[in-house]
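Remarks on the structure that follows.
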Amino acid sequence: MPGPREDSSGRGADSWDEETERLPMAGVVIESWAGDGRSIVRITSVLRMDLAPVTHADYARFVDATGRDPPWPGDAPRTELLEQPVVHVHIEDARAYARWAKKRLPVEHEWIEGMRRIGFRTARGGATWEWTASRHREGHVVRGGPYRNRPGTKGELAHRSWEDTGCRAVGFRCVVDG
Numbered sequence: 117m118p119g120p121r122e123d124s125s126g127r128g129a130d131s132w133d134e135e136t137e138r139l140p141m142a143g144v145v146i147e148s149w150a151g152d153g154r155s156i157v158r159i160t161s162v163l164r165m166d167l168a169p170v171t172h173a174d175y176a177r178f179v180d181a182t183g184r185d186p187p188w189p190g191d192a193p194r195t196e197l198l199e200q201p202v203v204h205v206h207i208e209d210a211r212a213y214a215r216w217a218k219k220r221l222p223v224e225h226e227w228i229e230g231m232r233r234i235g236f237r238t239a240r241g242g243a244t245w246e247w248t249a250s251r252h253r254e255g256h257v258v259r260g261g262p263y264r265n266r267p268g269t270k271g272e273l274a275h276r277s278w279e280d281t282g283c284r285a286v287g288f289r290c291v292v293d294g
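Per the working numbering, the sequence shown starts with residue 117, numbered consecutively.
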């Protein structure tokens, strides 16, 4: 597996878990502002976040193993997309993938801290909006967004989805507890 391509976190290369492609998190306090006020959240358990969003190649293995419908036309994704983040994935399909991989989707505050550490403008972050497990009204919160559309942003943006549909710019990454 390839190691990290860029580390903008200031923590140095030793902070990356190259073997599992996950970033350890525990004991983190997160302060954030939401539309309804300030919230402080403490991550108390050991948590490891995938450094990169799920790719077309990853999702193709899931489709092959489970028979689930793919988000691309035909039997397989285009070769040039294999290492790109999979998109057009409905929230329930993202959850099914996470269960299949023995993982789960991160809640919003876990995603925020993970992206702060990974670095939003690295090769591993910022290519798509990403599903979180956090609810908003009738839908779910997506975080991030294509960085090319927002110069000067740092991945702090959220979009409260009113629908739980897949769209061309929504992908996902997973976390593992323990």
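Every residue, glycine too, gets a C-beta built ideally from N, C-alpha and C. These numbers were taken from a predicted model, which means no experiment stands behind them.
As summarised for the stretch 156-204, the continuous beta strand (DSSP E) elements at least 3 residues long and confined to that stretch are 163-166, given in chain order.
Distances from the CA of Ala181 to each of Ala249, Glu208, Gly260 and Ala212 were compared; the closest alpha carbon is that of Ala212. In terms of Cα proximity to His172, the closest of Val291, Val292, Val286 and Glu226 is Val286. Assignment of Glu224 by DSSP, reduced to helix, strand and coil, places it in the helix class. Using a Cβ distance threshold of 7 Å, Phe288 and Glu246 count as a contacting pair. Annotation for Ala210: Leu221, Trp247 and Phe288 place their beta carbon closer than 7 Å to its own, counting only its chain and skipping 5 residues before and after.
With respect to Ala214, Pro193 sits apart: the two C-beta atoms are not nearer than 7 Å. Per DSSP, Glu246 is one residue of the beta strand (DSSP E) stretching across Trp245 to His252. For Arg215, the enclosing alpha helix (DSSP H) begins and ends at Ile207 to Trp216. Less than 7 Å separates the beta-carbon of Pro187 from that of His204. In its chain, beyond the 5 residues on either side, Pro201, Ala243, Thr244, Glu246, Gly287, Phe288 and Arg289 have a beta carbon closer than 7 Å to the beta carbon of Pro169.
In the displayed model, Arg259 falls within a strand according to three-state DSSP. For Lys218, the number of other beta carbons within 10 angstroms of its own is below 16, and it is reported as exposed.
When DSSP states are grouped into helix, strand and coil, Gly230 belongs to the helix group. Annotation for Val223: Thr248, Ala249 and Ser250 place their beta carbon closer than 7 Å to its own, counting only its chain and skipping 5 residues before and after. Spanning the alpha carbons of Asp166 and Val291 requires a straight line of approximately 6 Å.
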